[in-house]
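S.K.: Here it is: the structure, laid out below.
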Amino acid sequence: MSEWRIALVAEGLTDFIVIEAALKAILPEPFILTLLQPEATRPDLGGGWGGVLKWCREFQSRGAATLESDPTLARFDLFIIHLDADVAGKSYADLAVTARADWGHLPCQRECPPPDNTVEALRAVLCSWLGNVQPTHTTVLCMPAQSTEAWLAAGVYPDNATLLADVECTATMESRLGSLPKRTRIKKSGREYRTHARTLAGNWGRIRQICSQADVFHCSVLDAIQRVG
Numbered sequence: 528m529s530e531w532r533i534a535l536v537a538e539g540l541t542d543f544i545v546i547e548a549a550l551k552a553i554l555p556e557p558f559i560l561t562l563l564q565p566e567a568t569r570p571d572l573g574g575g576w577g578g579v580l581k582w583c584r585e586f587q588s589r590g591a592a593t594l595e596s597d598p599t600l601a602r603f604d605l606f607i608i609h610l611d612a613d614v615a616g617k618s619y620a621d622l623a624v625t626a627r628a629d630w631g632h633l634p635c636q637r638e639c640p641p642p643d644n645t646v647e648a649l650r651a652v653l654c655s656w657l658g659n660v661q662p663t664h665t666t667v668l669c670m671p672a673q674s675t676e677a678w679l680a681a682g683v684y685p686d687n688a689t690l691l692a693d694v695e696c697t698a699t700m701e702s703r704l705g706s707l708p709k710r711t712r713i714k715k716s717g718r719e720y721r722t723h724a725r726t727l728a729g730n731w732g733r734i735r736q737i738c739s740q741a742d743v744f745h746c747s748v749l750d751a752i753q754r755v756g
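Take any residue in the sequence shown, count from 1 to its spot, add 527: that is its number in the numbering used here.
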């Protein structure tokens, strides 16, 4: 395939930047990554994990059996749905919404380490939002533990043992990055994350070594493109 057309549903713009950098390291062919959520023309959906939930509800309401069979998504070759693993510690009440009977239970956090059990529990919750549609070979779930900031930290500062302590189990990585010395700190903004995008792509191998869920994502993307291509 000359150019992959990839759709991304994510919590926010900074997640898009990190995931795009990862894909540049993973994919041998060029690609176009389209951010479906959050989407500037749909402010009603909002951002964060609540925005992902609303997007999934809209997909479910259209009645498609799979993402690739949804006519509104027909132009895409591959779908990525992102949800940070720290969402497992959230509650629907945090969004002021009433959970439907067919939604998976939140919170669903498990003991960490390892992060895998929490990720698997959250995966089931995400699939329930889609109407219990199981991901096919064209859909990849991206669940950094506990957030994409873990991948950012591992990519930019792979040798900082203090920063990376319990890297996939801490819920404080964003504040850790923002509390570094002035010349090295990273504040959460699209502009600042973009300055590190090339470094993330170049250090993707180290990120995979440090963050198990980055390796899971890497292998899932490769498996998907082999099946599709």
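Virtual Cβ for every residue (Gly too), placed ideally from N, Cα, C.
1) What's the gap between the Cα of Ser-739 and the Cα of Lys-715?
2) Indicate the three-state DSSP secondary structure (helix, strand or coil) for Ile-608 in the structure shown.
3) Can you look up Ala-648 in the DSSP assignment and give me helix, strand or coil?
4) In this structure, does DSSP put Gln-753 in helix, strand or coil?
5) Using three-state DSSP, classify Ala-534 as helix, strand or coil.
6) On the CB-based measure, 16 or more other CB atoms within 10 Å of its CB, does Val-624 come out buried or exposed?
7) Compute the distance between the beta-carbons of Val-748 and Ile-559, then report whether it is under 8 Å.
8) Restricting to Cα atoms, I'd like to know which of Leu-605, Asp-629 and Leu-633 is closest to Lys-617.
9) Determine the extent of the alpha helix (DSSP H) in which Val-614 is found, giving its start and end residues.
10) Does DSSP classify Phe-767 as helix, strand or coil?
11) Can you say whether Gln-661 is buried or exposed, counting buried as having 16 or more other CB atoms within 10 angstroms of its CB?
12) In the DSSP assignment, the alpha helix (DSSP H) including Cys-583 goes from what residue to what residue?
13) Say whether the region 716-727 touches the region 649-666, bearing in mind that this needs 3 or more beta-carbon pairs closer than 8 Å, one atom from each stretch.
M.R.: Taking the structure as given:
1) Locating residue 739 in the sequence shown gives position 212, counting from the first residue. Locating residue 715 in the sequence shown gives position 188, counting from the first residue. Cα to Cα, Ser-739 sits roughly 23 Å from Lys-715.
2) One-based indexing of the sequence shown puts residue 608 at position 81. Here Ile-608 sits in strand by DSSP.
3) Against the sequence shown, residue 648 aligns to sequence position 121. In this structure, Ala-648 counts as helix in the three-state DSSP scheme.
4) If you number the sequence shown from 1, residue 753 lands on position 226. Of the three classes helix, strand and coil, the one that applies to Gln-753 here is helix, per DSSP.
5) As a position in the sequence shown, residue 534 is number 7, starting the count at 1. Strand.
6) Residue numbering aside, residue 624 sits at position 97 when the sequence shown is read from its first letter. Exposed, because fewer than 16 other Cβ atoms sit within 10 Å of the Cβ of Val-624.
7) Numbered from its first residue, the sequence shown carries residue 748 at position 221. Numbered from its first residue, the sequence shown carries residue 559 at position 32. Not closer than 8 Å, so no.
8) Your numbering for residue 617 matches position 90 in the sequence shown. It is Leu-633.
9) Here the question's residue 614 lines up with position 87 in the sequence shown. From DSSP, Val-614 is part of no alpha helix (DSSP H); its letter is neither H nor E.
10) Only positions 528 to 756 of the chain appear in this structure, which leaves residue 767 out of reach.
11) The count along the sequence shown starts at 1 and reaches residue 661 at position 134. With fewer than 16 neighbouring CB atoms inside 10 Å of its own CB, Gln-661 falls in the exposed class.
12) For the purposes of this step, residue 583 is taken as residue 56 along the sequence shown, with counting starting at 1. Per DSSP, Cys-583 belongs to the alpha helix (DSSP H) from 575-588.
13) no
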